[in-house]
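Reading through the structure tokens given below for one structure.
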Amino acid sequence: MDKEYGVKWFKSFDIVYNALDNVEARRHVNKLCLVADVPLIESGTAGFNGQVQVIIPGKTECYDCQPKPVPKTFAVCTIRSTPSQPIHCIVWAKSYLFSQLFDQDCEENEQDGDEDAAAASGEDKEELIKLKKERNELKNLQESILDDDFGKKMFDKVFGADIQRLLSMETMWKTRKAPIPLSYEDLTQQVQDAKIDDSVLKKDQKVWSLAENFYVLNHSLKRLQDRLKQQKKDFPDQSASLSFDKDDIDTLEFVAAAANIRSFIFSIQLKSEFDVKQIAGNIIPAIATTNAIVAGICVLQSLLVLEDKLDDARNVFLSRLPTYLVQSVKLQPPNPECAVSGVARTVIKTDPTKLTLGALIDSLLKVDLGYSDEVSVVTDQLLFDPDYDDNINKTLANLKITDGSFLTVIDEEDDGKVNLELYIDGDSSIGDKPYVLSEKPVIGRKPAKEAEPEEDEILLEGAEPTLKRKLSEDADTGNPDTKKARVSETEMDDLIIIDDDDDDAIEIID
1 MDKEYGVKWF KSFDIVYNAL DNVEARRHVN KLCLVADVPL IESGTAGFNG QVQVIIPGKT
61 ECYDCQPKPV PKTFAVCTIR STPSQPIHCI VWAKSYLFSQ LFDQDCEENE QDGDEDAAAA
121 SGEDKEELIK LKKERNELKN LQESILDDDF GKKMFDKVFG ADIQRLLSME TMWKTRKAPI
181 PLSYEDLTQQ VQDAKIDDSV LKKDQKVWSL AENFYVLNHS LKRLQDRLKQ QKKDFPDQSA
241 SLSFDKDDID TLEFVAAAAN IRSFIFSIQL KSEFDVKQIA GNIIPAIATT NAIVAGICVL
301 QSLLVLEDKL DDARNVFLSR LPTYLVQSVK LQPPNPECAV SGVARTVIKT DPTKLTLGAL
361 IDSLLKVDLG YSDEVSVVTD QLLFDPDYDD NINKTLANLK ITDGSFLTVI DEEDDGKVNL
421 ELYIDGDSSI GDKPYVLSEK PVIGRKPAKE AEPEEDEILL EGAEPTLKRK LSEDADTGNP
481 DTKKARVSET EMDDLIIIDD DDDDAIEIID
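Take 1 as the starting number for the sequence shown in UniProt numbering and just add one per residue.
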């Protein structure tokens, strides 16, 4: 995450509205708002469903207080100009290119969605103008969709001119690999040289080459054009329109080929037609009216927060059920078992290039905060515990703990303190002091654990066991207790990812 937007930046706001497109980013903002002690209005939509959550640090549940279900669908958010995953290109091909060219029924909604997404993501005015211009150009191109040379004109625009426009924005490619514009003539020659024919269409589980994708794109486009012509002939008084269906081979081949060509342009892994079918079939379209309703609810709840009327504030949920279109529940207190809100936290100003881990433990933790020797210090890796002191003479900077980093202190005693989260405010102007504590945190004790029943305990018929199932949210929220792993000098030089819980599913929520 960008260190420019740390706790200091969040402290400059009276309230924060959150409408991000992935769980990781939402958790990051949630955590920073808790540290900055700034109210957060968390929101999101998925099709006709939506939710608004009011988060008051220390008073209500935070974003991570309740476990998040594993996403089972892909939701359309923003058609980005810098895709980094195959899903981004598939969304672009299905929900932008195909719908703009063939689906007259959802074209207007997609246009509104693009503008809303650009404004909500903080795009500057110049970029928004460019997005509108690009959309209008495609709309004008769509008017000639039945022309024989439409395929070339479409290709030259979306895979040539539009990519050249992105390349002209040089600042976007300082830290990313620049896209590669393609030539219609060059690919036509490659298809001829490779003697590609319709046999490639039968290999739906094979990842097609760039030339093969170009061939499939042109042939599927030709079949779609023929269907539009037939519609116009059969229903001359109606607008010809086609909708994407993952079981419609013509629309699927067009989307798969277009997505793969875009993936090639941005140096992203290509997918087989079979894989594209699985992903594209699970995309949830953004609905502008749902976004508008949720935005309005966000404003209403924020007014109650600013007026300190928390008893009147509510968490609100939208659904398509006729009897439950809008539901609301009272704000709940923080979950003491939550790895994010169930901890103490404070900010320390220090020069990370001077303060050693050992000095932080001996002076801050033991003297100032009263910790015993039974303590562990972790980030996403173990830095110190009673049996591992290899890092005590290293500075925080040597351990890659810099401005904006978090340290978690774990009391290893059975009835010890709750975890303490230290936010590092890198400040070299604090003078001779090794650190300055913003305020002494109030560190509570760990909640008492319920005693486990003896193995031979007999439960009366109809009685419910008292054991509580341990939630898996610790792993989801990055609880250091579940991710202890020692860090050697070699491991610190090269980032080692032990486990990434988000790899198996992608959640994109508008």
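We put the CB at the ideal spot given by N, CA and C, even for glycine.
Predicted model, so just to flag it, every value in this text is computed and none were measured.
Any non-hydrogen atom of the ligand SAH closer than 7 angstroms to residue i Cβ
i    : result
H219 : The ligand SAH is absent from the structure shown, which contains no ligand whatsoever.
Sub-8 angstroms separation of residue i and residue j beta-carbons
i    : j    : result
D390 : I424 : no
I15  : L306 : yes
S210 : F264 : Per the sequence shown, the amino acid found at residue 210 is Leu instead of Ser. Cβ distance < 8 angstroms, so L210 and F264 count as in contact.
L420 : I443 : yes
K157 : L167 : no
P334 : S341 : yes
A313 : L325 : no
A344 : D64  : no
L355 : F384 : no
D368 : L437 : yes
D103 : S239 : no
I392 : I361 : yes
E42  : R26  : yes
Residue i versus residue j: straight-line alpha-carbon distance, rounded
i    : j    : result
Y435 : T350 : 4 angstroms
R223 : D148 : 12 angstroms
W173 : S267 : 13 angstroms
V316 : S243 : 33 angstroms
I410 : K433 : 25 angstroms
I145 : S319 : 38 angstroms
Q111 : E439 : In this prediction, Q111 scores a pLDDT of 49, lower than 50, which makes its location untrustworthy; the coordinate-derived value is nonetheless stated afterwards. When rounded, the distance between both Cα atoms is 49 angstroms.
G44  : Y5   : 21 angstroms
S302 : L221 : 49 angstroms
D245 : Q164 : 31 angstroms
T477 : E337 : In this prediction, T477 has a pLDDT of 45, which is less than 50 and means its spatial position is unreliable; nothing more can be read from the coordinates.
G58  : K31  : 12 angstroms
W9   : L40  : 14 angstroms
V76  : H88  : Any reading at V76 is ruled out, since the residue's pLDDT is 41, under 50, leaving its predicted position unreliable.
L20  : V378 : 28 angstroms
H219 : P69  : 41 angstroms
V276 : I90  : 7 angstroms
G50  : A257 : 33 angstroms
V7   : E143 : 50 angstroms
F98  : T323 : 35 angstroms
L310 : D250 : 54 angstroms
L228 : L101 : 11 angstroms
L304 : P236 : 55 angstroms
K139 : L252 : 21 angstroms
N282 : S84  : 19 angstroms
N398 : G151 : 56 angstroms
Run of the beta strand (DSSP E) containing residue i, from where it starts to where it stops
i    : result
Y17  : 16-18
G44  : 40-46
F384 : 382-384
K349 : 344-350
F98  : Run containing F98: none; DSSP gives neither H nor E here.
E421 : 420-426
V54  : 49-55
L407 : 406-411
Given residue i as reference, the closest of the options once Cα atoms are compared
i           : options                : result
F406        : L34, F317, S220        : L34
R176        : Y96, I249, L138, S81   : S81
G160        : C298, K139, E185       : E185
V38         : T60, N136, D193, N49   : T60
F254        : V378, Y96, C298, P322  : Y96
I293        : V418, V52, A259        : V52
residue 564 : E273, W92, D311        : No answer is possible for residue 564: it lies beyond the span of the chain, which begins at 1 and ends at 510.
S12         : R26, S428, A36, L228   : A36
G416        : R445, K400, I401       : R445
L187        : M169, E412, Y215, G426 : Y215
Residue range of the alpha helix (DSSP H) that includes residue i
i    : result
Q327 : Counting along the chain, Q327 falls outside any alpha helix (DSSP H), though it belongs to the beta strand (DSSP E) covering 326-330.
V23  : 23-36
S267 : Looking at the DSSP string, S267 is not in any alpha helix (DSSP H), and its letter there is neither H nor E.
T188 : 184-194
S220 : 210-234
L318 : Per DSSP, L318 belongs to no alpha helix (DSSP H); it is in the beta strand (DSSP E), 314-318.
S272 : From DSSP, S272 is part of no alpha helix (DSSP H); its letter is neither H nor E.
Presumed contact (8 angstroms Cβ cut-off) between residue i and residue j, rounded CB distance
i    : j    : result
L396 : P352 : 4 angstroms
N213 : I261 : 5 angstroms
P441 : T346 : 4 angstroms
G47  : I279 : With a Cβ gap of about 17 angstroms, G47 and I279 do not count as contacting.
V207 : K271 : 7 angstroms
V375 : L364 : Incorrect: roughly 11 angstroms between the Cβ atoms, too far for contact.
Q269 : P86  : 6 angstroms
V22  : V29  : Going by the sequence as given, residue 22 is Asn instead of Val. Contact flag wrong, Cβ pair sits at about 11 angstroms.
A93  : A259 : 4 angstroms
Any chain B beta carbon closer than 8 angstroms to residue i
i    : result
K195 : No chain B is part of this structure, which consists of one protein chain only.
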